[in-house]
Amino acid sequence: MRRAHELLAPAVLVGGAALLGLAVSSSTEIYFVDTLVKVAIVVALYLFIGNSGVLSFGHISFVAAGVWTAGVLSVPGDAKPAIMPNLAHFLRDTTVGNVPSLALAAAVGAVFALVAGLPLMRLSGLTAGIATFAVLEITHNVLRYYEKIGPGLNTFSSVPETTGLGQAAIGALLVVAVAFAYQRSRFGRMLAATREDPAAASAAGISIYRQRLLAFTLSGGLAGFAGGLYVHLLPLNTESLYLDLTFVTLAMLVVGGTTSLWGAVVGALAVSALDSFLAEAENGVDVLGAHLDLPAGTRLVVVGALMAFVLVVRPSGLTGGREFRLGRRRRPQAPSAASEAA
Amino acid sequence: MLAILNIDWQVLADATALGAVYALMAVGIGLVFGVLRLVNFAYGQLVMAGAYALALASEWGWSLWQGIVLCFAVVLALSLLMDRLVFRPLRTQPPAVMLVATFAVAFLLQSIALLWLGPLGKIAASVAQLNRPVTIGDVDIRKITIVAVVVAAGCLLALVLLLERTTVGLQMRAAAMDFRTARVLGVRANRVIGGAVLISGVLAAVVAIILTVQTPLVTPDFALRDTIVVLAGVVLGGLYRLVPATLGGFAIGFASGLLGGALPTEKSQYLDSFLFAAVILVLLVRPAGLFTRARGAVERL
Chain A
1 MRRAHELLAP
11 AVLVGGAALL
21 GLAVSSSTEI
31 YFVDTLVKVA
41 IVVALYLFIG
51 NSGVLSFGHI
61 SFVAAGVWTA
71 GVLSVPGDAK
81 PAIMPNLAHF
91 LRDTTVGNVP
101 SLALAAAVGA
111 VFALVAGLPL
121 MRLSGLTAGI
131 ATFAVLEITH
141 NVLRYYEKIG
151 PGLNTFSSVP
161 ETTGLGQAAI
171 GALLVVAVAF
181 AYQRSRFGRM
191 LAATREDPAA
201 ASAAGISIYR
211 QRLLAFTLSG
221 GLAGFAGGLY
231 VHLLPLNTES
241 LYLDLTFVTL
251 AMLVVGGTTS
261 LWGAVVGALA
271 VSALDSFLAE
281 AENGVDVLGA
291 HLDLPAGTRL
301 VVVGALMAFV
311 LVVRPSGLTG
321 GREFRLGRRR
331 RPQAPSAASE
341 AA
Chain B
1001 MLAILNIDWQ
1011 VLADATALGA
1021 VYALMAVGIG
1031 LVFGVLRLVN
1041 FAYGQLVMAG
1051 AYALALASEW
1061 GWSLWQGIVL
1071 CFAVVLALSL
1081 LMDRLVFRPL
1091 RTQPPAVMLV
1101 ATFAVAFLLQ
1111 SIALLWLGPL
1121 GKIAASVAQL
1131 NRPVTIGDVD
1141 IRKITIVAVV
1151 VAAGCLLALV
1161 LLLERTTVGL
1171 QMRAAAMDFR
1181 TARVLGVRAN
1191 RVIGGAVLIS
1201 GVLAAVVAII
1211 LTVQTPLVTP
1221 DFALRDTIVV
1231 LAGVVLGGLY
1241 RLVPATLGGF
1251 AIGFASGLLG
1261 GALPTEKSQY
1271 LDSFLFAAVI
1281 LVLLVRPAGL
1291 FTRARGAVER
1301 L
């Protein structure tokens, strides 16, 4: 397969992070597992935002849908009344295993994205940003108070913690593979064409609305799947699936470079590494002989500043929004956008 | 009629005050949007910074007036800094990139507040005297309610005069209508944008004072909720014109004050969902906004 390195390079990075996670102590391992889940979320974001060029602040809604699906269905039956006293009967009586819960999380995420996308994919630019933000607000509001479908304000405790290093790595690789397969398919290429030149793409017979809707649904499914992974890792609640997560995942995508899979993976890993290091440093670490003890909250300041800085200095991200390339550049690089659309 | 809906004068007065404050925030957001095509997500954090200035001033034992001066100084300095460091370099980027950038700035300011001043918040004690009620008829109205309405009306009037009667105002309106043509005709971009940012900063400081009187506990997420609701209101009213944006801000503040006060909790907790569903609906059906007559500058695909 030509351009297989565009899949291999991100996959090697993800696999490398997982292997590194094996080598460290178990207290540090949790950062690696968390990072791999973040990779899955960011790549899901990338599949839509990167290929379509349309901004979405709403993807954490689909992650939340996945968290709720997998969480509600995998809390053991006898533990359900304690954290979810008002749960609807059929949800209370149904408990599924690890893999089915992940599959269902992906399905619910995709259906939710499809339903939300049916009206929203007609919008673009600023309007799309605000409308998807409205979706996030509605989801957050409903999940917070509607206790028939979940724990409401409670935290998802007693979900089986099946997302270890292995499951997170397989999950992240799966999401990367789907994103790669999509962007190399004719649908992915058509969507990238609409990003580069909407008028020309329309004139060539591409329905912008349909291509965007397809990508939105697929990316919602991946986001739901990532949410399933996430809830099997940590006890989550509505507040952990709101503005902070939206910000951090968007920051990862922007820092890496919005328009390439390579950028999404590099951004997620780089920001996660920095974030994890700072989180450790807030508890005090020794670096190169010097003792470093940062006040709590430093990591958010640094990540926020980094994102603003990258946006101002290099709006196309660390990777310049290009895919990984082997060796020398074979062709002289014309305006960068053209090569991606071709 | 009012009795049927379980609305008393108290609720009505509070709703009006909330509407007035939101109208001011809407103008602050709308003005900057007009000249920069930038939805300033970080506007709430300007208000938050002003509120912290008041709280710290009161902690240091400063008088109310010194606190207010500090509040204005902090908010204005921060606005200009934000414009210089982030908005100006990004001016040529698409609106979506600028939106993400303001999102980053908002997050940065909020986490600085969290890091520096802690999650528990500070109390602005010196402004609390404005919170005492006065009795008119048989209704207790907090002084700040009256102050808020009067100040908001005054600010809006001053702004209208500024926009209609001064050269800078004329240039600002021209820039909002067509930035490139305005520049060709000799309007200096940095001056107009600086002016808009400055005015929007003044409004943020005023809002900070009013909100701090209403809720003296200042936390890092102070005014975050309000900004999000005002953004919804501005979009509902019409982002591309200042008057509809202001009306939208007032309407959403008034409506949420009224419904929040009148509906029982099990219904009013879903208020946000209806609000944002309305935003989506308006974006789809009338992208130029509810309160606009002519077709606005609808974004082309």
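Chains A and B supply the protein sequences, listed in that same order. With our numbering, the residue at position 6 of the first sequence is 6, and numbering never jumps. Quick note: to get our numbering, add 1000 to the position in the second sequence (first position is 1). All residues carry an ideal CB built from backbone N, CA and C; glycine is no exception.
Asked: Beta-bridge pairing of residue 1135 (chain B) - partner residues as DSSP gives them; Found: B:1140
Asked: Residue 80 (chain A) (DSSP reduced to helix, strand or coil); Found: helix
Asked: Members of the region 286-308 of chain A that neighbour chain B once the beta carbon cut-off is set at 7 Å; Found: 295, 297, 298, 300, 301, 304, 305, 307 and 308
Asked: Contact list for residue 227 (chain A) against chain B, beta-carbon separation under 9 Å; Found: None at all; the shortest Cβ gap to chain B is about 20 Å.
Asked: Proximal residues to residue 336 (chain A) (C-beta, below 6 Å), its chain only, five neighbours per side dropped; Found: For residue 336 (chain A), the predicted model reports a pLDDT of 47, less than 50, meaning its position is unreliable and no value from the coordinates is stated.
Asked: Span separating the alpha-carbon of residue 129 (chain A) from that of residue 195 (chain A); Found: 16 Å
Asked: Cβ-based neighbour list, residue 1300 (chain B), same chain, cut-off 6 Å, excluding 5 preceding and 5 following; Found: Residue placement at residue 1300 (chain B) is flagged as unreliable, the pLDDT there being 36, under the threshold of 50; the coordinate-derived value follows with that caveat. Excluding residues within five positions, none has a Cβ falling inside 6 Å.
Asked: Listed by chain order, chain A residues near residue 1272 (chain B) by CB distance under 7 Å; Found: 137 and 141
Asked: Listed by chain order, chain A residues near residue 1264 (chain B) by CB distance under 8 Å; Found: In chain order: nothing, as chain A lies at least about 13 Å away.
Asked: Inside the region 3-53 of chain A only - alpha helix (DSSP H) runs reaching at least 4 residues; Found: 5-23 and 26-52
Asked: Any chain A beta carbon closer than 8 Å to residue 1269 (chain B); Found: yes
Asked: Rounded Cβ spacing between residue 29 (chain A) and residue 323 (chain A) (contact assumed at less than 8 Å); Found: No, residue 29 (chain A) and residue 323 (chain A) are not in contact; Cβ-Cβ is about 30 Å, not under 8 Å.
Asked: Limits of the unbroken alpha helix (DSSP H) element including residue 59 (chain A); Found: 59-74
Asked: C-beta contact flag for residue 1269 (chain B) and residue 209 (chain A) at 8 Å; Found: no
Asked: 7 Å Cβ shell around residue 255 (chain A) - same chain, five flanking residues per side excluded; Found: 267, 270, 271, 306, 307, 310, 317 and 318
Asked: Neighbouring residues, chain B, relative to residue 162 (chain A) (Cβ below 9 Å); Found: Within chain B, no residue comes near residue 162 (chain A); the closest Cβ sits about 32 Å away, beyond 9 Å.
Asked: Counted within 10 angstroms of its Cβ, other Cβ atoms place residue 320 (chain A) as buried (16 or more) or exposed; Found: exposed
Asked: C-alpha gap between residue 1077 (chain B) and residue 1088 (chain B), whole angstroms; Found: 15 Å
Asked: Neighbouring residues, chain A, relative to residue 1108 (chain B) (Cβ below 9 Å); Found: 300, 301, 303, 304, 305, 307 and 308
Asked: Cβ-based burial, residue 1248 (chain B) [other Cβ within 10 Å; buried from 16]; Found: buried
Asked: Contact check, residue 1124 (chain B) vs residue 1219 (chain B), beta carbons under 8 Å; Found: no
Asked: Short-range partners of chain A found in the region 1092-1108 of chain B, where Cβ spacing is below 8 Å; Found: 1093, 1094, 1095, 1096, 1097, 1099, 1100, 1101, 1103, 1104, 1105, 1107 and 1108
Asked: 8 Å contact criterion, which residue 1195 (chain B) and residue 1168 (chain B) should meet: CB distance rounded; Found: 5 Å
Asked: Backbone secondary structure at residue 1124 (chain B) - three-state DSSP; Found: coil
Asked: CB contact check: residue 104 (chain A) to chain B, cutoff 8 Å; Found: no
Asked: Residue 301 (chain A) - containing alpha helix (DSSP H), residue span; Found: 298-313
Asked: Cβ-Cβ distance between residue 1216 (chain B) and residue 1127 (chain B) below 8 Å; Found: yes
Asked: Within chain A, the residues that residue 1279 (chain B) reaches when beta carbons sit closer than 8 Å; Found: 130, 131 and 134
Asked: Beta carbon proximity, residue 1296 (chain B) to chain A, threshold 8 Å; Found: Low confidence applies here, because residue 1296 (chain B) scores a pLDDT of 44, under 50, leaving its location unreliable; read the following figure in that light. Not closer than 8 Å to any Cβ of chain A, the Cβ of residue 1296 (chain B) fails to qualify, so no.
Asked: First through last residue of the beta strand (DSSP E) which encompasses residue 293 (chain A); Found: No beta strand (DSSP E) contains residue 293 (chain A), which DSSP labels as neither H nor E.
Asked: Residue 1226 (chain B): first and last residue of the uninterrupted alpha helix (DSSP H) it sits in; Found: 1224-1237
Asked: Spatial neighbours of residue 117 (chain A) in its chain, beta-carbon cut-off 7 Å, leaving aside the 5 residues before and after; Found: 213, 216 and 217
Asked: Residues from the region 1110-1121 of chain B in contact with chain A, defined by Cβ distance under 7 Å; Found: 1111, 1112, 1114 and 1115
Asked: Residue 286 (chain A) - DSSP class collapsed to helix/strand/coil; Found: strand
Asked: Alpha-carbon to alpha-carbon, residue 84 (chain A) and residue 10 (chain A); Found: 39 Å
Asked: Selection of the region 92-119 of chain A by Cβ proximity to chain B, strictly under 7 Å; Found: 119
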